[in-house]
Amino acid sequence: MRKSIWHQKVEALYHRLPPAHPRFQEVKKELAKCNAGLEGEKRLLYFLSEINESYRILHDIRLPSANGTTHVQIDTIVICPSIIFLFEVKHISGTLLFNRYTNQMTRNDQVFGDPITQVQRQEHFFAEWLPKPMPVLSVVVLSHPQAKVEFQPVDSPDRAYVLYPTDIRQRMEEKINGLPAMLTKKETFEFAKRLAAAHKPFDQDIFHVFHIQPSDLLPGIHCPKCGTLTVIKVKRHWECSRCQLLSKTAPIQALHDYTLLVGTAITNQQLRRFLNVESRSVSEKLLKKCREDSIGTTKGFVHMMKKPSS
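Under the working numbering, the residues of the sequence shown are numbered 41 to 350, in order.
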């Protein structure tokens, strides 16, 4: 399961923002949120791994409305011949109170958006994508092993929306049992393919979102082991000057960070400044290895990198 484009952008920004920057804690919090979401979806996938192989599973799908004015993000979609399951994953620890009077989910004094209202909206929205009328079931999955659920009122019927990962397979079997098949195996595959093709990844200008300037970024190559921007070229190798890790992929990842944060067009000079590399030939070799195309001649040479994907 790959990280979304937004997740990749936030991670790249986090590694290049000075800890003293006024927006650093905000970026750090967003990265923790992205990491938790990915961990929760991985945990859900583990419990979905033994379901019928004819079912189609889609992750992190963002679909436009019929008129294209709004979008809905769905963590996981499971398409079965007789029913479709929409899973919204919340990887949050602690005691979570679902207050059905206020439509809020709280943990102590911390207030979250209401995932039950969210999945109800997803279910209503998803109806316009159905190839034919058929059942759709929305579920909130509390994926963190330390999560505990409380409801107010205690006997709220909305309890049925909330499950732990260990309960998912049984709930799916209960719902599927006795339902007639609405889609053939081919139709199931084609519907999944249509949804995947319609996917519009969440991709915003991260500098605009966090009110950060490109000039705020720290230059250098990030070390995947110690986390510092201290990877340098030593003879024929790329080596971290702090922990001595040898890494062939670190400079390639740094170039990928540039495409995520700044854009896909880059000159040799811009790359050297971004990576904190003095040698023009070293950066040129890296660009030739990774570029898709190039424009211009001599000093005006612009390298076109591959557009990031999730």
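We put the CB at the ideal spot given by N, CA and C, even for glycine. All values derive from a computational prediction rather than experimental measurement.
Would you kindly check if the distance between the Cβ of residue j and the Cβ of residue i is under 8 Å?
i, j, result
"Arg211", "Leu203", "yes"
"Val112", "Tyr95", "no"
"Phe138", "Phe191", "yes"
"Pro58", "Leu258", "yes"
"Val176", "Phe166", "yes"
"Ile123", "Lys215", "yes"
"Gln150", "Glu128", "no"
"Lys43", "Ser350", "yes"
"Glu163", "Leu126", "yes"
"Lys265", "Thr304", "no"
"Asp198", "Ile156", "yes"
Taking only three categories from DSSP, how would you classify residue i?
i, result
"Arg63", "coil"
"Arg147", "strand"
"Leu104", "Looking at the sequence itself, residue 104 is Pro, so the reference to Leu does not match. In the structure shown, Pro104 sits in a strand (DSSP, three-state: E or B)."
"His277", "strand"
"Glu128", "strand"
"Val118", "strand"
"Ile45", "helix"
"Gln113", "strand"
"Arg96", "strand"
"Met344", "strand"
"Val202", "strand"
"Ser357", "Since the first residue of the chain shown is 41 and the last is 350, residue 357 is not available in this structure."
"Phe242", "coil"
"Arg282", "coil"
"Val159", "helix"
"Ala305", "strand"
"Ile91", "coil"
"Ile123", "coil"
"Ile292", "helix"
"Ile272", "strand"
"Cys263", "coil"
"Asn75", "helix"
Which one of the options has the shortest CA to CA distance from residue i?
i, options, result
"Asp36", "Pro58, Asp256, Cys74", "The shown model of the chain, from 41 to 350, leaves out residue 36, and the question about it has no answer."
"Cys120", "Ile208, Ser105, Glu190, Ile97", "Ile97"
"Gly80", "Ser89, His184, Ala106", "His184"
"Leu269", "Ser287, Gln65, Gln253, Asp115", "Ser287"
"Leu235", "Ala60, Ile114, Val67", "Ile114"
"Val50", "Arg331, Ala187, Gly267, Gln244", "Gln244"
"Ser255", "Val302, Arg276, Ala221", "Val302"
"Met345", "Leu311, Asp195, Lys43, Ala238", "Leu311"
"Trp278", "Val159, Lys130, Ser323", "Ser323"
"Arg276", "Gln65, Arg83, Ser89, Lys325", "Lys325"
"Glu227", "Lys172, Cys266, Met41, Cys280", "Lys172"
"Arg140", "Gly108, Ser178, Ala200, Glu66", "Ala200"
"Glu318", "Ile91, Val274, Ala237, Gly267", "Val274"
"Glu90", "Glu213, Pro193, Phe341, His47", "Glu213"
"Ala76", "Asn148, Ala60, His47", "His47"
"Ala221", "Thr304, Gly267, Met174, Gln186", "Met174"
"Cys263", "Ser321, Arg56, Lys225", "Arg56"
"Gly108", "Ala60, Ala238, Glu230, Asn148", "Ala238"
"Ile45", "Leu84, Thr299, Phe152, Arg282", "Thr299"
"Met41", "Gln160, Ser178, Thr116, Lys225", "Thr116"
"Gln160", "Ser178, Asn148, Asn92, Arg147", "Ser178"
"Arg331", "Ser321, His343, Arg320", "His343"
"Lys225", "Ala60, Glu93, Tyr54", "Glu93"
Here's a check: name, in chain order, each residue in its chain whose Cβ is nearer than 7 Å to the Cβ of residue i, leaving out the five neighbours to either side.
i, result
"Ile249", "Residue identity differs from the one stated: residue 249 is Val in this sequence, not Ile. None."
"Ala232", "Arg96, Leu98, Ile119"
"Glu66", "Phe250"
"His131", "Ala76, Gly77, Glu79, Gly80, Ser183, His184"
Quick one: what's residue i bridged to in DSSP?
i, result
"Phe138", "Met145, Phe191"
"Val180", "Glu128, Val202"
"Arg331", "Met345"
"Phe152", "Met145"
Using C-beta distances below 8 Å, list every residue in its chain close to residue i, excluding the 5 sequence neighbours before and after it, in chain order.
i, result
"Glu168", "Ser105, Ala106"
"Lys188", "Gly134, Thr135, Leu136"
"Lys69", "none"
"Thr206", "Phe87"
"Leu85", "Met41, Ile97, His99, Thr116"
Using a Cβ-Cβ cut-off of 6 Å (strictly less than) and excluding sequence neighbours within five positions of residue i, which residues of its own chain qualify?
i, result
"Leu223", "Pro121"
"Ile252", "Arg63"
"Asp297", "Ala52"
"Ile261", "Val271, Ala290, Pro291, Ala294, Leu315"
"Ile208", "Phe87"
"Ala72", "none"
"Asp154", "Asn143, Gln144, Met145"
"Asn217", "none"
"Ser375", "Here the chain covers residues 41 to 350 and nothing more, so residue 375 does not appear."
"Arg282", "Cys266, Thr268, Thr270"
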